[in-house]
Structure formats: C-alpha cells, structure tokens
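Start counting the sequence shown at 1; every next residue gets the next number (the UniProt record's numbering). Note that the Cβ used here is the ideal one computed from N, Cα and C, for glycine as well. Owing to the predicted nature of the structure, the values given are computational and were not obtained by experimental measurement. Report on the structure given below.
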Amino acid sequence: MAHTAPQRPLPRSASVIIVGGGIQGLAAAYNLAAEHRFGDVLVLDAGYWQGGASGRNGSLIRGAFGTPEWTGLFRYSAEQWRGLSKRIGHNVMFSQRGYTMVAEKASTAHTLREARKVHAELGIHSELLSHDDIARLLPAIDRGQVSGALHLPDSGIAPHHAAMKGLLAAAREQGVDIRYRTRVTAFERRDNRIAGVWVGDHLVRASTVLVAAGGHNPMMADLAGVTLPGHGTRLEIMALEPLRPVIRPGLAIIDSLCYLHQTPRGEIVGAAEAPESPHFTLRTDIPVMATTASVYLRLFPQLADVRILRHWAGLIHATPDYAPLLGEHPACPGLWFSAGWSYGFAGGPGAGRLMAGAIATGTIDPVMRPFAIDRFDRGMPLTDPTLVL
1 MAHTAPQRPL PRSASVIIVG GGIQGLAAAY NLAAEHRFGD VLVLDAGYWQ GGASGRNGSL
61 IRGAFGTPEW TGLFRYSAEQ WRGLSKRIGH NVMFSQRGYT MVAEKASTAH TLREARKVHA
121 ELGIHSELLS HDDIARLLPA IDRGQVSGAL HLPDSGIAPH HAAMKGLLAA AREQGVDIRY
181 RTRVTAFERR DNRIAGVWVG DHLVRASTVL VAAGGHNPMM ADLAGVTLPG HGTRLEIMAL
241 EPLRPVIRPG LAIIDSLCYL HQTPRGEIVG AAEAPESPHF TLRTDIPVMA TTASVYLRLF
301 PQLADVRILR HWAGLIHATP DYAPLLGEHP ACPGLWFSAG WSYGFAGGPG AGRLMAGAIA
361 TGTIDPVMRP FAIDRFDRGM PLTDPTLVL
C-alpha cells in the first residue's frame, strides 16, 4: 500500500521538516509543496499511519463556535473541507450534512443566541431552530430536553480514513517524503535557532521544523528545549451497532459535553466527557462509556436497547483554554508548532494551509494570529462557551 512504501535512507537535509504525520502534518506538507513549491519537505512520524488522533476521532467538521476567534479559524477550515476533494484530486468524502448545537439549559440557549450574533457579524450562515425545525431535523431527540438549538448548514462529516488517505496520496504526488515509524530523538539548535532533527545518530538539517505531533507535542517541545502550555491527555469515543437513520447532522450537546453523528453504515459514533483526571493512555474505561450512554438515553430514549460495538481512545494536547497553539515558538526561531488541538481533525485542512503560508512567506494570517503560542503570557486566552471536546 502507498503508506508502507520501502524506507530509503534519510536525507541529510530538507527545506522543512514536519514532525507528525497526522492530518495537521500532512495538510501543511501538501500546501508547502503544492502551493508554495517547496521541493524537499520531509515528514517524520514515530507511529504508524493513522495511529494518532487523526485516525481515532469522531470525524465531525464544525465551522463555527461562540467567539470571533474560534469561529474565524474554523470557518476558514470548513471552507477548505468543502473544496478539499477537488483541490487535492482525491475524494475525502466530505458530506455537508450540517452540524447542530443543542442546549438543554435556558442559559445555554441564550449562549447559542449570542453565538448566532457572532456568526451574523462574520457573514456565516447559521439558523436558530424552532420547535418544528428541531422535530424535522432531529426527529429522534426528546424535545422536552431541548431549550434551544443552533444549526450550521455548511458544516458536516468526513470519515478520517478517506481524508487521511487522500492527503497522504496528494502530498506524495507533490514530492513530499513521508516516513512513518521514524522517531525524532532530538532537535538540533545552533545560535538558539532550530538547525534540524536527529533520528537516532542521523542528523537531518533544516532551518525550519514544524511540530504537529498531537498529544505528544509537549514532549517534543521539551525535547527541543522549549515549553508549551497544556498537557497530553486521553479522549474516548464509542460506536453503537447500526440502526436505521435517526440523526441527520452532526450534533454537539453543549451542556452534557457530548458530540455524536450517525455514519452511512448506521452506526452512531460519539462520546461525552466524564469528570476524570487526565490520563495519557489509549486504554478506555467504564466511566466515559457510562456517561456517554446516560446522555444518549436521556436525549434519545429509543437508543436504550442498542448495543455498544466499539470503544476506543485517542490522545490530544489540551491547552488551558482548549484552543490550538499556532505559529513560530518565540524562544526558538525556525521552530513552529501546530499544537494544542481539541478539534484538530476539523481544523486540519485550514490550519495546514495557514501554517504553510506563514512558513513560506513569514506573514501570519489574521485568522491564525490570535492562537499564538505566547497568548497566555500576554493574558489573552481564547475560551469559548460552545466547546464540547
């Protein structure tokens, strides 16, 4: 298969090295090569293809949140998703089925009305749903539990296997050198600048290194001698056995910190967050499964007898505000990060294009600028009231 091509000796140098071969790394690599004509981009990943969060997520594409900063970034990424198949020449199977944010509490319904104002100011199409709208769009939900709902018709779903396969193939077609099961063991710094990476005793020189290593970003930062806010942690998700279509759009149940959708095969895939201490492991446990099942039962009573088929975990890098960290590290010129993602799959195509543009031109797009790595030092966190993780 394309992602298991025989390994050649590593090069001695590259124009850009990307540490991490998930959706963030592949999207940045593709854009560096295709849009900015970088001829020797090297992607190094310690794991296997789709072994990280890019192969372990819920596949939801959400194009708006509750604040201008979050909405601006994810609106841009949703736009990239809608044209991605045509742009890269591979079908990523994006389905514009919409995405609905649901409020159970009256106070959260007010939050959604305020979010709608943000969307209107930014020219984003979103709709506050009436009781009849909810009955039409979400016929299986217990409407007695719903205080309000906000629908994003331009958002949707994209199966991660199709997106990753498409980006991998497209990047390689542009000449990107992609190596899985190739662990970066150290970073080379000279005169306080990045100068390359070590893979065992082999040095690959580069004046630009982008770290997009998912849950392992804090460890990579430590290895490079810099710090990143946040920590690696586990998120869990589960799939129910197939049943007839009962959920059309992707859903975020804001008050229950729950997200879900129904696949074309009929499986309902989603999760709810349980009050646990952070765990950095791929092992799943009962509390998250039980919490998710209780939310499903309360909001979708007809799921009571549906069995759980699979339950798995993925690792993310959680920042104090759960917003990503994007840009060049202020303590090490040439060392860039696409880190801190809690909605990394949805943000992948947009962040990859923005990051490639910033590296290539030295100019930070206004959409990307608020997510700078030093924003906590400047007292400018980016909390958003509509997150569900």
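Under the criterion of a Cβ to heavy atom distance below 7 Å, does residue i qualify as lining the ligand ATP?
i, result
"residue 293", "For the ligand ATP, the structure offers nothing, since it holds no ligand at all."
Among the candidates the options, whose CA atom is the shortest distance from the CA of residue i?
i, options, result
"residue 66", "101, 58 and 282", "101"
"residue 323", "331, 347 and 307", "347"
"residue 70", "195, 351, 37 and 363", "351"
"residue 118", "50, 64 and 58", "64"
"residue 247", "81, 78, 138 and 28", "138"
"residue 49", "78, 344 and 163", "163"
"residue 95", "84, 286 and 116", "84"
"residue 226", "342, 329, 387 and 89", "329"
"residue 404", "353, 14, 358 and 372", "Here the chain covers residues 1 to 389 and nothing more, so residue 404 does not appear."
"residue 243", "368, 59, 308 and 115", "308"
"residue 115", "254, 365, 20 and 343", "254"
"residue 234", "214, 224 and 111", "214"
Got a sec, what are the start and stop residues for the beta strand (DSSP E) residue i sits in?
i, result
"residue 273", "Counting along the chain, residue 273 falls outside any beta strand (DSSP E), and DSSP gives it neither H nor E."
"residue 288", "It is not in any beta strand (DSSP E) - residue 288 instead sits in the alpha helix (DSSP H) that spans 286 to 299."
"residue 56", "Where residue 56 is concerned, there is no enclosing beta strand (DSSP E), given that its DSSP letter is neither H nor E."
"residue 187", "186 to 190"
State buried or exposed for residue i, treating a residue as buried only when at least 16 other CB atoms are found within 10 Å of its CB.
i, result
"residue 377", "exposed"
"residue 121", "exposed"
"residue 31", "buried"
"residue 191", "exposed"
"residue 149", "buried"
"residue 107", "exposed"
"residue 172", "buried"
Note down the Cα distance separating residue i from residue j, rounded to an integer number of angstroms.
i, j, result
"residue 126", "residue 262", "21 Å"
"residue 241", "residue 362", "49 Å"
"residue 72", "residue 201", "43 Å"
"residue 302", "residue 296", "9 Å"
"residue 134", "residue 143", "8 Å"
"residue 52", "residue 298", "31 Å"
"residue 75", "residue 316", "22 Å"
"residue 252", "residue 218", "28 Å"
"residue 80", "residue 264", "22 Å"
"residue 358", "residue 337", "11 Å"
Please go through the same chain and pick out, in chain order, the residues whose beta-carbon is closer than 7 Å to the beta-carbon of residue i, but skip the five residues on each side of it.
i, result
"residue 420", "It is not possible to answer for residue 420, since the shown part of the chain is limited to 1 through 389."
"residue 12", "204 and 205"
Once you ignore the five residues that flank residue i on each side, which residues in its own chain have a CB closer than 8 Å to its CB?
i, result
"residue 312", "56, 236, 237, 238, 282 and 284"
"residue 188", "194, 195, 196, 197, 198, 203 and 205"
For the alpha helix (DSSP H) containing residue i, name the first residue and the last one.
i, result
"residue 85", "68 to 88"
Enumerate in chain order the residues of its own chain whose CB-to-CB distance from residue i is below 6 Å, with the five nearest sequence positions on each side excluded.
i, result
"residue 360", "36"
At the 8 Å Cβ level, is residue i part of the contact set with chain B, yes or no?
i, result
"residue 206", "Looking at the structure shown, chain B is missing, and only one protein chain is on hand."
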